[in-house]
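With our numbering applied, the sequence shown covers 226 to 369.
What follows is one structure encoded as structure tokens, with my remarks underneath.
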Amino acid sequence: MTRSTLDTAALAHDLRLAVMRFSRRLRNQRVDTSVTLTHLAALSTLRRHGAMSPGELAAHERVQPPSMTRVVVALEGMGLVTRSPHPTDGRQVVIELTAAAEDLLAEEARAREAWLSGQLQRLTPEQRATLREAAEIMEELAGG
Numbered sequence: 226m227t228r229s230t231l232d233t234a235a236l237a238h239d240l241r242l243a244v245m246r247f248s249r250r251l252r253n254q255r256v257d258t259s260v261t262l263t264h265l266a267a268l269s270t271l272r273r274h275g276a277m278s279p280g281e282l283a284a285h286e287r288v289q290p291p292s293m294t295r296v297v298v299a300l301e302g303m304g305l306v307t308r309s310p311h312p313t314d315g316r317q318v319v320i321e322l323t324a325a326a327e328d329l330l331a332e333e334a335r336a337r338e339a340w341l342s343g344q345l346q347r348l349t350p351e352q353r354a355t356l357r358e359a360a361e362i363m364e365e366l367a368g369g
């Protein structure tokens with residue numbers, strides 16, 4: 226192995242661990258712990274992609290339809306989603322966010338961003354600039 230390959234492998238290892246730890250800390254900045262991370266993921270998908278059938282939601286979340294059915298039932302019970310008849314397929318329903326879900330997602334984002342802003346304030350201007358560049362690079366990596 227070349228020195229460059231070893232350096233790249235070490236960077237990949239260190240970056241993977243740092244991203245995992247950072248993600249865990251960010252996830253812990255929760256507003257409502259009665260809503261699971263799985264629930265939040267489904268709600269976020271509905272916000273990003275709009276109303277859809279439970280099967281489509283399951284595909285987006287890469288879970289089996291029966292698992293998503295349980296999630297949808299729980300979310301409906303919490304008043305976070307509604308079901309309505311599918312416009313073209315009478316066998317299907319369409320799942321849609323409620324205003325309460327929109328509010329919850331906004332609160333969750335605010336809590337995480339407030340925590341992160343506080344953490345960033347502890348850094349030097351140079352460190353924040355480095356992170357700004359790193360965020361762009363990570364976006365590029367995530368897109369590829």
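We put the beta carbon where it would ideally sit given N, CA and C, even for glycine.
Suppose you measure from the CA of residue i to the CA of residue j; what does that come to, to the nearest Å?
| i | j | result |
| --- | --- | --- |
| Arg347 | Glu281 | 42 Å |
| Met245 | Pro279 | 29 Å |
| Trp340 | Asp328 | 18 Å |
| Leu330 | Thr227 | 47 Å |
| Thr270 | Ala237 | 28 Å |
| Phe359 | Gln317 | Sequence inspection shows Ala at residue 359; the Phe mentioned does not correspond to that position. So the alpha carbons of these two residues sit roughly 44 Å apart. |
| Arg249 | Arg241 | 12 Å |
| Arg337 | Arg273 | 18 Å |
With distances taken from CA atoms, which of the options is nearest residue i?
| i | options | result |
| --- | --- | --- |
| Arg335 | Ile362, Asp257, Val288 and Arg308 | Asp257 |
| Ala326 | Gly275, Arg357, Ala360 and Gln352 | Gly275 |
| Met303 | His285, Ala243, Leu356 and Thr261 | Thr261 |
| Gln254 | Thr349, Glu365, Leu366 and Gly343 | Gly343 |
| Thr313 | Ala267, Glu338, Arg337 and Met277 | Met277 |
| Glu286 | Asp232, Ala267 and Arg273 | Ala267 |
Can you tell me whether DSSP reads residue i as helix, strand or coil?
| i | result |
| --- | --- |
| Leu322 | strand |
| Met277 | strand |
| Val296 | helix |
| Arg308 | strand |
| Leu348 | coil |
| Gly315 | coil |
Exposed or buried, what is residue i when buried is set at 16 or more other beta-carbons lying within 10 Å of its beta-carbon?
| i | result |
| --- | --- |
| Met363 | exposed |
| Glu333 | buried |
| Leu356 | exposed |
Which whole-angstrom value is the C-beta distance of residue i and residue j, which I expect to be below 8 Å?
| i | j | result |
| --- | --- | --- |
| Thr323 | Thr307 | 6 Å |
| Ala182 | Pro290 | Outside the shown range of the chain (226 to 369) lies residue 182, about which nothing can therefore be said. |
| Arg320 | Val288 | Sequence inspection shows Ile at residue 320; the Arg mentioned does not correspond to that position. In fact, because the Cβ distance is near 14 Å, the residues do not count as touching under 8 Å. |
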